[in-house]
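Sequential numbering from -17 applies to the sequence shown in our numbering.
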Amino acid sequence: MNVEERLDVLKQIGNVAALAGLKGGVDDQGRHFMMGFALDDGRRQAVYVRPAGENIGGQLVVTVFSPCLSVKKGLFAGFSKDKALELLKLNEQVLFARFGIWENDDEYMVVASVDHLMETLDPDELKSSAWHVAFAADNYERKYGGDDF
């Protein structure tokens, strides 16, 4: 997907978010649509939406996600087997979200996420998904004493 196509998808996501009453915008690099959620106890959680590719039928898929733990490369060995198993168990307990580990150049990122077909993504679905991944990610962060995202 080229830059122009990506920005067009992000604009579409912004339109759906506006219809859902969600405030946000495209990040400076044009990679994500970003939103912030105010949660209990003054906590906040960032939620992003990004184009994720196409399904087998060629339909555009977008991912709604919220980061909840960042682990620098080289220290990932410190991410214990117990924490990895916990994430797998949590995948069976949370609704409308899943936990995964994404990799970028500098770090591994634990995220709560959910995928949707862009062409059928409606405002209520986006709003519900954004809240579900925000709560799932924040609960994970809260357990480990953080509020970084």
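Ideal placement from N, C-alpha and C gives every residue a C-beta, glycine not left out.
- Taken through DSSP and simplified to helix, strand or coil, Leu69 comes out as helix.
- C-alpha of Ala2 to C-alpha of Glu107: approximately 9 Å in a straight line.
- For Tyr30, the three-state secondary structure derived from DSSP is strand.
- Distance from the CA of Lys(-7) to the CA of Met16, rounded to the nearest whole angstrom, comes to 12 Å.
- Along the segment 6 to 51, the beta strand (DSSP E) occurs as fully enclosed runs of 3 or more residues at 6 to 8, 15 to 20, 26 to 36, listed in sequence order.
- The beta carbon of Met100 is closer than 6 Å to those of Leu42, Val44 in its chain, skipping five residues each way along the sequence.
- The shortest C-alpha to C-alpha distance from Ala66 to any of Arg26, Met91, Asp9, His114 is the one to Met91.
- Bounds of the alpha helix (DSSP H) holding Gly(-4) are -15 to 1.
- Of the other Cβ atoms in all chains shown, fewer than 16 fall within 10 Å of the Cβ of Tyr126; this residue is therefore exposed.
- DSSP places Tyr126 outside both helix and strand once states are collapsed to three, so it counts as coil.
- The beta carbon of Gln27 sits closer than 7 Å to the beta carbons of Phe19, Leu21, Ser48, Ala116, Ala119, Asp120, Phe131 from its chain, once the five residues preceding and following it are set aside; these are given in chain order.
- Residues of the same chain with a CB within less than 6 Å of the CB of Ile83, apart from the 5 flanking positions on each side, are Tyr90, Val92 in chain order.
- DSSP places Leu77 in no beta strand (DSSP E); its state is neither H nor E.
- Pairing Asp(-10) with Asn(-3), the inter-Cα distance amounts to about 11 Å.
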